[in-house]
Amino acid sequence: MTNKILAAALASLLGASAAFAHHSAVMFDDQKEITVTGAVKEFQYTNPHSWLLVDVTNEDGTITTWGFEAEGPSTLTRAGIRRSDFSPGTKVTITGNPMRDGRPAALWVRAVREDGKEFNPGEGFVIR
Amino acid sequence: MQSLNLKARVAAALACAAAATACAALAVAQPAGRVVEPTPEKQRMIDLGVEHGTAWDLYQHLKEQAGGGETLSWERIPDWTGVWTREASPFFWDPDQTEGTLPTAKLTPEYERRLLEKLERVEQGIEYDPLSACNPAGMPRWLVEPFLKEFIVTPEQTWLINEMMNEVRRIYTDGRGHPSPEDAYPLWDGDSIGFWDGDRLVIHTSQMREGQYQRIQPDYSEQVEVVEVWYKTADDTMVADVWVYDPPALVEPWYTRQVYKKLSNEDKSLRIRYWHCNENQNNVVIQTEEGTSDFADFTFTDADDRPAEAGNEGAAQ
């Protein structure tokens, strides 16, 4: 029993760490997902991480810019995600693990463009 | 309950360190994840490391076995071209480590304690990686970093390149030795010399800085030394047999077999480009007072809550 509990603890540790090479993912809540719909403001296609910035209109009519973090350009290339896929103004519905502190940022899990095409940065680690 | 169990392990490790004795408690408290027993082949490689007291002794043994080694000519260069990446999880040094188990290293009590304390902090959500400050991974961590790798072979040097932080390991195969002790100082990727045994590259690396094998892996000391044997087992598969010697941290050499896969790149779109770690303010990660990681200020939140503009309709769910 003790061993099973410790195994579970170690598994949870691995889950908490299994995200980024440049930094820990502890600032994101991997048990939650948030989905927003908006228009791409900018796709920062940079190392060590890329950021897809999406302008989202709130219920009160104001706009919040959300940032979704993914890996850098080579991993996104392996995932079939090009900078030109998200030119400014592109309509997108995007899901991620949100920041624990409430800031409008998240770890990019998947995005669906208005034309229905889906983009999953995690596929950039698939060996093929 | 999970925390208490890890704390118990940490407490046991601390008690052992204080008593300066071998600690049975650590041995019996191995977690219940499926521990992969070494195959006969792996055990043979483990034994080979143990039979030699130092990395240098093992390197010299391999050199004797290779008849002194050889220098390549331009007419006989193995084909190591392509873009490669490590096959296993980047967070496990030993590809044979499975979820729910501890790293396979046989650690000294001091480094076992350090590992368990680190795992305890991570479990509490306290985790910071020096890479966040844009430090290179350095050797031996270099071996298990994800992203793209390239291997450039010439008769007198082989360059082992990792995309992240533009880390290039130069392996000198022209017969030179390491710098003299008077000229030696700790280096991020150490100083590497090697020889060829047929199509196998044998490397000895010393002069490394202290560091960690990975975030949830043990630490290594400045005394760490590494022997590697690199060779292809298929057109798309590169293997590195790795023995790490580190007397302050390891009670015996840590042998692992690292595997790298050649990525399909028919359209040649995968290219290693310059990696600038500080090019985007949104990637600045700081260490908090509690010792964990957090983003600094984002640039994109400056203009939040501004009036809506036409065409930006959307909603958070």
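Just so you know, the protein sequences line up as chains U and W, in that order.
So the first sequence is numbered by the numbering used here: it starts at 3 and just counts up by one.
So the second sequence is numbered by the numbering used here: it starts at -9 and just counts up by one.
Even for Gly, the Cβ is constructed at its ideal location relative to N, Cα and C.
Against residue 272(W), the close residues of chain U are 46, 53 and 69, in the order they occur along the chain (beta-carbon pairs closer than 7 Å). Looking at the DSSP output, residue 37(U) bridges to 97(U). By the rule that beta-carbons nearer than 9 Å mark a contact, residue 113(U) does not touch chain W. Counting only runs of at least 4 residues, the segment 68 to 120 of chain U fully encloses the following alpha helix (DSSP H) elements, listed from N- to C-terminal order: 75 to 80. Residue 230(W): not part of any alpha helix (DSSP H); member of the beta strand (DSSP E) spanning 227 to 235, first to last residue. Only residues of its own chain outside the window of five on either side were considered, and among them 126 and 265 have a CB closer than 6 Å to the CB of residue 155(W), listed in chain order. At a beta-carbon threshold of 7 Å, the residues of chain U lying near residue 251(W) are 129, ordered along the chain. Taking 9 Å as the threshold, the shortest C-beta distance from residue 123(U) to chain W does not fall below it. In terms of beta-carbon proximity, residue 81(U) stays away from the interface with chain W, with every pair separated by 9 Å or more.
Between residue 245(W) and residue 234(W), the CB-CB gap stays under 9 Å. For residue 107(W), not one C-beta of chain U is nearer than 9 Å to its own C-beta. Within 10 angstroms of the beta-carbon of residue 224(W) lie fewer than 16 other beta-carbons, which makes it exposed. Contact check for residue 80(U) and residue 126(U): beta-carbon distance about 4 Å, within the 8 Å limit, so the pair qualifies.
By the rule that beta-carbons nearer than 9 Å mark a contact, residue 103(U) touches chain W. With a beta-carbon spacing of about 6 Å, residue 122(W) and residue 283(W) fall inside the 8 Å limit used to define contacts.
Going by C-alpha positions, residue 153(W) is about 32 Å away from residue 47(W). The segment 165 to 174 of chain W makes no contact with the segment 258 to 272 of chain W, as fewer than three CB pairs between them are under 8 Å. Residue 131(W) is positioned such that its CB atom lies no closer than 9 Å to that of residue 148(W).
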